[in-house]
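Engineer: Quick one: structure below, then a few questions.
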Amino acid sequence: MEKVGLRISLIFDEDEELLLNDTSIKKLLQETLSGSLSNVDLAYICDCLTLGERVDYESEEAKNIIFEIADPEINGGYKSDEELKSMINALTTE
Numbered sequence: 013m014e015k016v017g018l019r020i021s022l023i024f025d026e027d028e029e030l031l032l033n034d035t036s037i038k039k040l041l042q043e044t045l046s047g048s049l050s051n052v053d054l055a056y057i058c059d060c061l062t063l064g065e066r067v068d069y070e071s072e073e074a075k076n077i078i079f080e081i082a083d084p085e086i087n088g089g090y091k092s093d094e095e096l097k098s099m100i101n102a103l104t105t106e
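If you count the sequence shown from 1, position 92 lands on 104 in my numbering, and the numbers rise without skipping.
Structure, rendered in structure tokens:
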């Protein structure tokens, strides 16, 4: 995924509604900062979430963050540690 032209299949089985609160999004970003998730993992998860028809968000800021991280070619993709910290702070101030 880090090389131009490569693809990865998205596997997302949506069998129930999912509400993502700000705390959940912060945890996802913190796991990436700590190294438990890679930037590729984060982008994959966000891609799946943006494709879900039954995914909803607690706040508009949380939704914006997920969509900003998803699909590198459309929305910018992988984020630096500073960008991730800024996103966490944006959720904290809501």
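The beta carbon of each residue, even a glycine, is placed where N, CA and C say it ideally should be.
CB Glu-73 to CB Asn-33, shorter than 8 Å?
Structural biologist: In this structure, Glu-73 keeps its C-beta atom at 8 Å or more from the C-beta atom of Asn-33.
Engineer: Can Tyr-67 and Leu-103 be called in contact, C-beta distance under 8 Å?
Structural biologist: The displayed chain sequence assigns Val, not Tyr, to residue 67. Taking 8 Å as the Cβ cut-off, Val-67 and Leu-103 do not qualify as a contacting pair.
Engineer: With burial defined as no fewer than 16 other Cβ atoms inside 10 Å of the residue's Cβ, what is the status of Leu-96: buried or exposed?
Structural biologist: buried
Engineer: Work out the CA separation of Asp-93 and Gly-47 for me, nearest whole Å.
Structural biologist: 10 Å
Engineer: Expressed to the nearest angstrom, what Euclidean distance is found between the alpha-carbon atoms of Gly-64 and Ser-98?
Structural biologist: 25 Å
Engineer: Taking all protein chains shown into account, do 16 or more other C-beta atoms lie within 10 angstroms of the C-beta of Thr-44, making it buried, or fewer, making it exposed?
Structural biologist: buried
Engineer: What did DSSP end up calling Leu-54 once you bin it into helix, strand or coil?
Structural biologist: helix
Engineer: Rounded to whole angstroms, what's the CA-CA distance from Leu-41 to Leu-49? Just pull it up for me.
Structural biologist: 9 Å
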